[in-house]
Every structure is written in structure tokens, then in C-alpha cells.
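Start counting the sequence shown at 854; every next residue gets the next number (our numbering). From the three backbone atoms N, C-alpha and C, an ideal C-beta is built for every residue, glycine too.
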Amino acid sequence: MPLVTLIGEKLAKKDAEFIYLGPNNECRNCKLKTVCFNLKSGRRYKITNVRDKKHNCNIHEGTAAVIEVEELPIVTSVDKNINEGATIKIEKKSCNGIGCANYDVCSTNIQKDKNYTIVKIFEEIECPLGYELNKVELKEE
């Protein structure tokens, strides 16, 4: 069964990806807020289908479209010494190098107090700050 939510009609394009930033305070009195708030904050989603139904929305310009989404895998960087299959708590390295080719991977929104399992190691990351890192796919435990 697909995961259904709402998004501004101008953003509702099949195969588009977005990061859900969490509930908006302006939505607290909306009768459809439970549909909008059913995603995980900070996670990346891909639109798999745009349905014909539209709803009025105070947040989005125009209307909000009903969409089906799939949650995308968590891809981030971890210490090079951590092996595939390991369950860990992620400690992100301090980095403000927004010009770095790996900045998006290294700055993935990860919760400090959650356990994650390393599902797959993709490749070693060349870090200009000298950190020894691998690009990995995680699964939330």
C-alpha cells in the first residue's frame, strides 16, 4: 500500500525528490494535517504518483496535490573503520565545507540517539579535512 501525503501542486512532479522538514505550525487547525504529517522529519522521499485530487492549502501557493511517495534509503558518511552489517549510533563530523562534493552526503540529517545498521558500503570518500570516511546506506533500527 503506497504512502500518501500532500504537497504543493507546483512541486507535485512524478520522480521528484524532497526532504520532509516536519510539521508547520500554520497547519495546526487544518482538517488534513494528519495526511501531511505522516512522513518522517528529515527524511528524503520520492514522488511515485501524482493523483488527480487537489485540496485548498494555506501554506502552498494554489492548492495541494495528493501524491504517493516512497521513503528513500538513508545515505551518509561514517568512519571508514565501521563494517557492513554493524549497528551503530552515528556521530557526525564537524564540517562546514558547503563547496565539497560530498557535503550533501556528510550532512544528512541523522538522529544522534538512534541506532542504525550499515546496509551497504558504496565507496571511500575523499575528505578535504582529512577524515577517513565511507559513503554508506543505513537502515533505521
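For Glu976 versus Asn987, is the C-beta spacing smaller than 8 Å? On the sequence shown, residue 976 is found 123 positions in, with the first residue counted as 1. On the sequence shown, residue 987 is found 134 positions in, with the first residue counted as 1. For Glu976 and Asn987, yes; Cβs fall inside 8 Å.
Relative to the C-alpha of Tyr956, which residue among Asn891, Ile971, Phe890 and Tyr984 is closest? Translated into the one-based positions of the sequence shown, residue 956 becomes position 103. Closest option to Tyr956, Cα to Cα, is Tyr984.
Return the chain-ordered list of same chain residues with a C-beta closer than 6 Å to the C-beta of Val989, the five sequence neighbours on each side being excluded. Looking up residue 989 in the sequence shown gives position 136. Taken in chain order, the residues that qualify are Val931, Ile971 and Ile974.
With a threshold of 6 Å on Cβ separation, who are the neighbours of Lys906 within its own chain once the five nearest residues in sequence on each side are excluded? Taking the sequence shown and counting its residues from 1, the one referred to as residue 906 is at position 53. Cβ neighbours of Lys906 beyond the five flanking positions: Val919.
Closest by CA to Thr940, which one among Ser894, Asn882 and Leu991? Position 87 of the sequence shown, counted from the start, is the residue given in the question as residue 940. Comparing alpha-carbon positions, the option among Ser894, Asn882 and Leu991 lying closest to Thr940 turns out to be Leu991.
Looking at the strands, I want to know which residues DSSP matches up with Lys988. Sequence index remark: in the sequence shown, residue 988 carries index 135 (1-based). According to DSSP, Lys988 bridges with Ser930 and Glu976.
Excluding five sequence neighbours on each side, which residues of the same chain lie with their C-beta closer than 8 Å to the C-beta of Gly950? Here residue 950 refers to the residue found at position 97 when the sequence shown is read from its first residue. Non-local C-beta neighbours of Gly950 in its own chain, meaning closer than 8 Å and more than five positions away in sequence, comprise Tyr956, Pro981 and Leu982, ordered along the chain.
Can the beta-carbon of Leu856 be found closer than 8 Å to that of Glu923? Counting from one through the sequence shown, the residue named residue 856 turns up at place 3. Counting from one through the sequence shown, the residue named residue 923 turns up at place 70. Yes, the Cβ-Cβ distance between Leu856 and Glu923 is below 8 Å.
Under DSSP, the alpha helix (DSSP H) around Thr887 begins and ends at which residues? Residue mapping note: residue 887 aligns to position 34 of the sequence shown, counting from 1. Where Thr887 is concerned, the enclosing alpha helix (DSSP H) stretches over Lys886 to Cys889.
Which of the three DSSP states is assigned to Asn962 in this structure? Working through the sequence shown from its first residue, we reach residue 962 at position 109. Look at Asn962 here: in three-state DSSP terms it is coil, with no helix or strand label.
Please list the terminal residues of the continuous beta strand (DSSP E) segment that includes Glu923. Within the sequence shown, the letter at position 70 stands for residue 923. In this chain, the beta strand (DSSP E) harbouring Glu923 covers Thr916 to Glu924.
Close beta carbons around Lys886, own chain, < 6 Å, minus the five adjacent residues each side: Mapped onto the sequence shown, residue 886 falls at position 33. Correct list, in chain order: Cys880.
Could you tell me which residues DSSP puts in a beta bridge with Glu994? Working through the sequence shown from its first residue, we reach residue 994 at position 141. Within the DSSP secondary-structure output, Glu994 pairs in no beta bridge.
Entirely within the segment 860-913 and at least 3 residues each: give me those beta strand (DSSP E) ranges in chain order. Whole beta strand (DSSP E) segments, 3+ residues: 870-872 and 897-909.
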